[in-house]
Amino acid sequence: QKEVEQNSGPLSVPEGAIASLNCTYSDRGSQSFFWYRQYSGKSPELIMFIYSNGDKEDGRFTAQLNKASQYVSLLIRDSQPSDSATYLCAVDPGGGADGLTFGKGTHLIIQP
Amino acid sequence: DAGVIQSPRHEVTEMGQEVTLRCKPISGHNSLFWYRQTMMRGLELLIYFNNNVPIDDSGMPEDRFSAKMPNASFSTLKIQPSEPRDSAVYFCASSPDRSQETQYFGPGTRLLVL
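If you're matching them up, the sequences are chains A and B in order.
Residue numbering for the first sequence follows the numbering used here, starting at 1 and increasing by one per position.
Residue numbering for the second sequence follows the numbering used here, starting at 1 and increasing by one per position.
Right, here's the structure in full:
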């Protein structure tokens, strides 16, 4: 069974610091990787996706992928209280618009 | 664009009753996904459609669950009969054509089966 693992947290980070969220996946053939943010009581919202090994930056967010280690991470620089949410890692095992396998998420708290 | 629309937003029903959840995907999106989210199991894919055709229903928990997509702008997820363990938030998501892999989620239906 394809699995996506995340530390549930809560992960507490002071405002202005770098928040580091990690995810591992079991299916070595996975092609695409996504990070979603979910505020309490709301729906998941896509914030980053990455396909290739290495880093991908978008504003304060950086996604990092290491397929050999089956590891994907999300860094949030200059973290703000509004970044407090649950972050879901998701993996698409194949090409195309197939369904994603989600981790259970990491609850991030940014302390003012 | 109005985004993915789901109804009802909240549903409370008694065990044994039939429940129908509805979804309108974003116009022009060819793929539609039904997910269920609980604290215990997280977000799980139930079924997805491409061009109105069910592609993978392996996540549907049992025969009590069924899903249809009669046209490109409407889908239903039906639970009959409902059980307390079906209580969860049910999300519908849609995605552009198969060359893109991003999904846009609806607001969800919060279901409570008593």
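Glycine included, every Cβ here is placed at the ideal spot set by N, Cα and C.
- One alpha carbon belongs to Pro25(B), the other to Ser66(B), and they sit about 18 Å apart.
- Distance from the CA of Met40(B) to the CA of Arg85(B), rounded to the nearest whole angstrom, comes to 11 Å.
- Taking 9 Å as the upper bound on Cβ-Cβ separation, chain A lies near residues Asn50, Ile55, Asp56, Gly59 of the region 50 to 81 of chain B.
- Residues of chain A with a Cβ closer than 7 Å to the Cβ of Leu111(B) do not exist, since the nearest Cβ in that chain sits about 14 Å away.
- Beta-bridge partners assigned by DSSP to Gly54(A): Leu65(A).
- Closest by C-alpha distance to Glu62(B), out of Ser82(B), Cys23(B), Tyr48(B), Pro54(B), is Ser82(B).
- At least one C-beta of chain B is nearer than 9 Å to the C-beta of Gly103(A).
- Below 8 Å, enough C-beta pairs join the region 34 to 41 of chain A and the region 79 to 95 of chain A to call them touching: three or more.
- If you ignore the 5 residues before and after Arg110(B), its C-beta comes within less than 6 Å of the C-beta of His10, Val89, all in its own chain and listed in chain order.
- Here Asp86(B) carries a helix assignment [DSSP, helix/strand/coil].
- Under the three-pair Cβ rule at 8 Å, the region 98 to 110 of chain A counts as touching the region 34 to 49 of chain B.
- Taking C-alpha positions only, Val72(A) is separated from Leu32(B) by approximately 26 Å.
- Separation of the CB atoms of Gly16(A) and Ser79(A) is rounded to 7 Å, and the pair is thereby assigned contact status at 8 Å.
- For the region 35 to 48 of chain A, the beta-carbon criterion of a distance under 9 Å to any beta-carbon of chain B is satisfied by Tyr36, Gln38, Gly41, Lys42, Ser43, Pro44, Glu45, Leu46.
- One Cα belongs to Gly29(A), the other to Ser12(A), and the distance between them is close to 33 Å.
- Closer than 9 Å to the CB of Arg22(B) there is not a single CB belonging to chain A.
- Straight-line measurement puts the Cα of Gln111(A) at about 31 Å from the Cα of Thr102(B).
- For Leu88(A), the chain B residues whose Cβ falls inside 9 Å of its Cβ are Gly42, Leu43, in order along the chain.
- Ser43(A) is a Cβ neighbour of Phe91(B), given a cutoff of 9 Å.
- In the displayed model, Asp83(A) falls within a helix according to three-state DSSP.
- DSSP links Ala19(A) through a beta bridge to Ile76(A).
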